[in-house]
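All residue numbers for the sequence shown refer to the UniProt record's numbering, where the first residue is 1 and numbers rise by one.
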Amino acid sequence: MEKLMRTFFLFLSKNRFLTRMAKKYGLHFGASKFVAGETIEEAVNVIKDLNSKGLTVTIDYLGEFVDTEKEANEMADNSIKAIQAIRKEGLHSQLSLKLTSMGLDISDKLVLHNMRRIMNAALENNVFVTIDMEDYSRCEKTLQIFKLLKSEYKNIGTVLQAYLYRTEQDLNDLDDYSPNLRLVKGAYKESAEVAYPVKEDVDGNYKKLIATHLFNGNFTAVATHDDTIIEYTKQFVSEQQIERDLFEFQMLYGIRSERQLELAKEGYNMRVYVPYGTDWYGYFMRRLAERPANVAFVLKGIFKK
Ligand code: FDA
């Protein structure tokens, strides 16, 4: 049943019509639990609150189905505005973005042009940028672009997904770049040809990746809500005497907020991924796919109104 619901919500997340409708009618159906608002001003207020509780942030301007050069340029403009807001408001925040939003599916020239505009603004304002990882079909290209930009800018990192068979090799290949990596389980619907279909195998690979990356002395963001993985990381860093400024935990805004505060109080670096913008639908559907309890929460919200 859980698998079926996951497939259903991941299928819905790719629906262009619903994406357009959602954009038009605003944040609804409990999406504001996971999305910090539609404007940068709303997001800034959320970030200030999180910062005041000892949590750092990475902010993401949401955007799905970017098909034209104009849309890609606007997405990049909005990411630059977010960078400027971070500096102006003195926020403890980095920036996250998706290459498809910057024009990855349109042309290499466009995505690189937009990324360099963003990276120049980020460098000037001392903001770190993480390139999120999207579905398998974009993985190779994303890594190529990351490598190119990493040779030009020091303040850039990316994401590797534990569910992909290829990730172990990617981690080894990237080691020459001493990259700052966010390690995640993976959020997209992938076939058994490219990704571990069984959760235990994903978790096993995840632990292996965390250990390898930390052992290599590279900055590691362990982005999960899974206590088993969190406890594994805590034990590993303690045994290997790895300094706390070499790793951090990351979680999504609105998910396990109490646990986020606990980890911060225990003295761990804890970063919250804060998405905002009108294009919330696809992101919201992926969160529903991850956890049936989130669906119950949404249904309660709908029937309460
Ligand atoms: P999983 O979904 O296996 O959950 C494990 C356990 O965590 C659950 O059994 C439960 O105990 C607990 N849990 C989970 N959700 C909970 C909730 N709402 N309340 C209480 N307990 C809960 N993916 C991707 O493909 N590309 C990317 O770039 C990113 N970026 C990213 C950034 C950040 C900061 C995070 C946290 C995640 C991502 N992801 C991502 C998403 C990631 O790949 C994955 O889909 C989700 O994090 C869900 O997987 P978990 O590791 O949390 O474990």
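Positions of the beta carbon are idealized from the N, C-alpha and C atoms, including for glycine. Treat the numbers as computed from the prediction; the structure is a model and nothing was measured.
- When DSSP states are grouped into helix, strand and coil, Tyr268 belongs to the coil group.
- In this structure the segment 124-132 touches the segment 76-96; the number of beta carbon pairs closer than 8 Å is three or more.
- When the five nearest sequence neighbours on each side are left out, no beta carbon in the same chain lies closer than 7 Å to the beta carbon of Asp226.
- In the DSSP assignment, Asp60 falls within the beta strand (DSSP E) that extends over Thr56 to Tyr61.
- Rounded to whole angstroms, the gap between the alpha carbons of Glu89 and Ser32 is 22 Å.
- Around the beta carbon of Glu200, fewer than 16 other beta carbons sit within 10 angstroms, so the residue counts as exposed.
- For Leu288, the three-state secondary structure derived from DSSP is helix.
- Between the segment 114-122 and the segment 67-82 there are three or more C-beta pairs closer than 8 Å, enough to call the two in contact.
- The beta carbon of Arg256 sits closer than 8 Å to the beta carbons of His225 from its chain, once the five residues preceding and following it are set aside; these are given in chain order.
- For the options Ile80, Glu64 and Ala85, the alpha carbon positioned closest to that of Ala43 is the one of Ala85.
- Annotated three-state conformation of Ile106 is coil, per DSSP.
- Thr228 and Ile242 have their C-alpha atoms spaced approximately 19 Å apart.
- Runs of alpha helix (DSSP H) with 4 or more residues, each lying fully within the segment 171-232, are found at 199-215, listed in chain order.
- Counting C-beta atoms within 10 angstroms of its own C-beta, Ala192 has fewer than 16 neighbours from the protein chains shown and is therefore classed as exposed.
- With a cut-off of 8 Å on Cβ pairs, the segment 212-221 is in contact with the segment 168-181, counting three or more such pairs.
- Distance between Phe236 and Lys265, taken at the CA atoms: about 19 Å.
- Under DSSP, the beta-bridge partners assigned to Gln161 are Val184.
- With a beta-carbon spacing of about 7 Å, Phe219 and Phe247 fall inside the 8 Å limit used to define contacts.
- C-alpha of Glu152 to C-alpha of Glu124: approximately 14 Å in a straight line.
- A residue is called buried when at least 16 other Cβ atoms come within 10 angstroms of its Cβ; Phe146 meets this threshold and is buried.
- Here the C-alpha atom of Arg291 lies approximately 16 Å from the C-alpha atom of Val184.
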